[in-house]
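Protein chains in written order, with full-length UniProt numbering: chain B, 1 to 343; chain W, 1 to 343. Idealized CB from N, CA, C, for every residue including glycine. Everything numeric in this text was worked out from a predicted model, so none of it was measured. Structure, as structure tokens:
Protein chains: 2
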Amino acid sequence: MSDKRKSTRRRRGSEQPTLQQVADAAGVSAITVSRALNAPERVNAATRIKVLATVERLGYVPNLVAGSLASARSRFIAVIVPSLANAVFIEVIHGLQETFEREGYQILLGNTDYDIEREYQLIRTFLGWSCSALVTAGLRHSEACRSLLTHWDKPIMEVMELGDALDLNVGLDHHEAGRCMARHLLAQQYRSVVYVGACLDRDYRARMRFEGHREVLHAAGLEAPMIELDQLGSLDAGATGLERVLSRYPSADAIHFANDDLATGALLRAQRLGMTIPGDIAIAGFNGLPLGQHVTPRLTTIRSPRENMGRLAAEEVLKRLDAKRVTRRRHDVGFELLVGGST
Amino acid sequence: MSDKRKSTRRRRGSEQPTLQQVADAAGVSAITVSRALNAPERVNAATRIKVLATVERLGYVPNLVAGSLASARSRFIAVIVPSLANAVFIEVIHGLQETFEREGYQILLGNTDYDIEREYQLIRTFLGWSCSALVTAGLRHSEACRSLLTHWDKPIMEVMELGDALDLNVGLDHHEAGRCMARHLLAQQYRSVVYVGACLDRDYRARMRFEGHREVLHAAGLEAPMIELDQLGSLDAGATGLERVLSRYPSADAIHFANDDLATGALLRAQRLGMTIPGDIAIAGFNGLPLGQHVTPRLTTIRSPRENMGRLAAEEVLKRLDAKRVTRRRHDVGFELLVGGST
DNA sequence: TAAAACTATGTTAGCGCTAACATGGTAGCG
DNA sequence: CGCTACCATGTTAGCGCTAACATAGTTTTA
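Structure follows, in structure tokens:
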């Protein structure tokens, strides 16, 4: 009798108080409660206080799913990275998270494991969540993914690398970074330099750096041998890389590693083998992770502004979401050659 | 005329095809499309093929927000960790992600930065997303959080440490780990052992290890001095820790660090200062990160099964979600003393 | 002082999907 | 052959919230 339900059908009621119940208890309408919570300035101060007190009293937790459906947008930001094992992405994520959370957005994190097909699947799923924006690492996507995204009308931010982006872009020039390090090695008079990377078909940014590196060596009339490992950046892989170089290119005087994990693994292994760095062989990396700066000698590397990249990317996306004018679609965050004692 | 809308009001139509449109195009009802996608075995094979082809043709992407609202559950798992800077949590997350994604669940990641109040806020928000389960690091929560969770009827998994949990629990005994390392150090004849931790009020598991450590030293009639750094686990902080020990406890013969990052930072700094390990001073850590196993000498540490912990936690939660019987609510994943050359 | 503009709140109608129940057809069985 | 059982599909009614429009009261403006 007291139940206003017209039908006898029951749906699983979740026990949780609803907005309507809060409204009834506070003696206002549902929309007023909604406004008190989501747009406080549109509600009279006294009403607002009364409503918020009721919310508190009933322990009301807003159903964000319902809110998102009604408003056709969620405060989710889809973030897609190729790996969690690499500290670089963690730092970018950290920068993104900090900035987005401050504005009340929640990150939906996806990990592709460097698989472009998985990226597509993840993006499909994420679009189903009515995300407010998408941040993804890199400019390369599958055809299906590309066409899915071109029909999507929310901000898309591609980070890490610089180039012809779908929408917004914050990153750095990996070709140029490769060139930069190669030039440094040549300037230091190394003449037999081996590049060591891992899974370069998947970690194609490392391949871009290799291409820049090769360009400079060729221009100087030198060979540009390369060794590709089949295990992604890790200290272990770096140790393996060193050993491969020693056996295949015994006359090598320097190794340019695709990242700091590999380089540091090699450096530590070399020291364990009793070699001196850079006397017996010089070692260079990429990323500028703290690790490389704590070994002796310090690792020569290229520092990319990782947290900054995340922060900047988030800020640009937020600008767009606030419907502010976006002055530049592309931001080059640059990089910095850190010359340590290892070269 | 062709618009079936009864009112002239328009809502922001998202252009995206809806389930109903797919149904119309395929000549079936909406619920059949829903079933073809979510419970294929409940639809005749021929119908299913027809529907899925239509889905493909129209580029239909299911609106997961609407689905979650209607079914009062999302395929989200809330995961809350105290830090992303620590590799340990990354590995746990990786283990969780792998296992949950295979079953079609999406992780909602929250980072508390070791702030118990932020944990409460995050959990509140996540409950608003109708998550299927919650995985959180640690057993300590704010009062408000605790009462929120006891009224929640979905699986709750507390990881990392072992003890009196709200629901499910996968972890290890940090007191015992601290005792274990202290016993090892005593067995190696070190008699002046300093414990070095960082922010022990927030990283209270490190404090638990210290308490175990202190217990063993006191039982042996020894002092158990401790130094607390104000910067969470990093190589830099470890280097600082070493210097503090050298100046405040010049007679110390061993340092027990709260984690491998600190320990390795100290080891590398000691070497840069020309000290020998363990001759001048012994160093021990906790976690068993690869890093510590690549320095020379290898770091003595305690290995926790991190990815495993994530995987096991996810499996237990999945069991519960499948309404399978959960035989044990508490799982001790244990740990392993790794004796390197640093002690 | 009447019209315009603004403020505070309410009413109505969905957002796109799925749970629950309903229906009609086919098979299985004694 | 009449019964139950089951299979495939459909109908109906919401899930809990917010956009859009509506309304009444108050202030500003010409």
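Query: Where the beta strand (DSSP E) through residue 409 of chain B begins and ends; Result: Because chain B in this structure spans residues 1 to 343, residue 409 of chain B falls outside the shown range and cannot be described.
Query: Own chain residues within Cβ distance below 6 Å of residue 199 of chain W, not counting five before or after; Result: 232
Query: Where residue 62 of chain W meets chain B, residues with beta-carbon distance less than 7 Å; Result: 128
Query: Contacts that residue 295 of chain B makes with chain W (C-beta to C-beta distance below 8 Å); Result: 268
Query: Nearest to residue 75 of chain B (by Cα), restricted to the options B:132, B:38, B:67, B:111; Result: B:132
Query: Contacts of residue 217 of chain W in chain B (Cβ-Cβ under 8 Å); Result: Result: empty, since nearest Cβ-Cβ is about 29 Å, beyond 8 Å.
Query: Three CB pairs or more closer than 8 Å across the region 240-258 of chain B and the region 280-288 of chain B; Result: yes
Query: Where the beta strand (DSSP E) through residue 126 of chain W begins and ends; Result: From DSSP, residue 126 of chain W is part of no beta strand (DSSP E) but of the alpha helix (DSSP H) over 116-127.
Query: Per-residue contacts from residue 65 of chain W into chain B (C-beta, under 8 Å); Result: 65, 68, 69, 74, 128, 129, 130
Query: Of the residues W:258, W:249, W:221, the one placed nearest residue 208 of chain W, counting alpha carbons only; Result: W:258
Query: Segments of 4+ residues assigned as alpha helix (DSSP H) that fall wholly inside the region 188-267 of chain B; Result: 204-219, 235-248
Query: Chain B contacts from the region 251-266 of chain W (Cβ-Cβ distance under 7 Å); Result: 265
Query: Contact between the region 99-114 of chain B and the region 67-87 of chain B (3+ Cβ pairs under 8 Å); Result: yes
Query: Counted within 10 angstroms of its Cβ, other Cβ atoms place residue 250 of chain B as buried (16 or more) or exposed; Result: exposed
Query: Residue(s) in a DSSP beta bridge with residue 302 of chain B; Result: B:337
Query: Beta-carbon proximity check, residue 299 of chain W vs residue 263 of chain W, cutoff 8 Å; Result: yes
Query: Within chain W, the residues that residue 21 of chain B reaches when beta carbons sit closer than 7 Å; Result: Chain W residues near residue 21 of chain B: none, gap ~15 Å exceeds 7 Å.
Query: Own chain partners of residue 202 of chain W with C-beta closer than 6 Å, once the 5 adjacent residues on each side are dropped; Result: 114
Query: Members of the region 129-158 of chain W that neighbour chain B once the beta carbon cut-off is set at 7 Å; Result: 129, 130
Query: Reduced DSSP secondary structure (H/G/I, E/B, other) of residue 330 of chain B; Result: strand
Query: Contact belief for residue 90 of chain B with residue 135 of chain B at Cβ below 8 Å, rounded distance in angstroms; Result: The pair is not a contact, with the Cβ atoms about 14 Å apart (cut-off 8 Å).
Query: Three-state secondary structure assigned by DSSP to residue 148 of chain B; Result: helix
Query: is_contact[residue 5 of chain W, chain B] using C-beta, thresh 8 Å; Result: Its pLDDT being 34, under 50, residue 5 of chain W is placed unreliably in this model, and the value from its coordinates should be taken loosely. By this cut-off, residue 5 of chain W is not an interface position.
Query: Three CB pairs or more closer than 8 Å across the region 313-330 of chain W and the region 89-103 of chain W; Result: yes
Query: Beta-bridge partners of residue 282 of chain W, as assigned by DSSP; Result: W:254
Query: Cβ shell of residue 315 of chain B (< 8 Å), same chain only, five flanking positions each side left out; Result: 99
Query: Contacts of residue 355 of chain W in chain B (Cβ-Cβ under 7 Å); Result: Residue 355 of chain W lies beyond the range of chain W shown here (1 to 343); nothing can be said about it.
Query: Proximity winner among B:123, B:95, B:36, relative to residue 149 of chain B (alpha-carbon distances); Result: B:123
Query: Straight-line gap, residue 97 of chain W to residue 159 of chain W (C-alpha atoms, nearest Å); Result: 14 Å
Query: Per-residue contacts from residue 290 of chain W into chain B (C-beta, under 8 Å); Result: 234, 235, 236
Query: Beta carbon of residue 54 of chain W nearer than 8 Å to that of residue 22 of chain W; Result: yes
Query: Runs of beta strand (DSSP E) wholly within the region 73-114 of chain B (minimum 3 residues, chain order); Result: 76-81, 106-111
Query: Cα-Cα separation, residue 313 of chain W to residue 169 of chain W; Result: 8 Å
Query: Unbroken beta strand (DSSP E) run spanning residue 137 of chain B, endpoints; Result: 133-137
Query: Beta-carbon separation (whole angstroms), residue 163 of chain B vs residue 310 of chain B, contact threshold 8 Å; Result: Rounded, the Cβ-Cβ distance is 19 Å, inconsistent with contact.
Query: Contacts of residue 108 of chain W in chain B (Cβ-Cβ under 8 Å); Result: 106, 108
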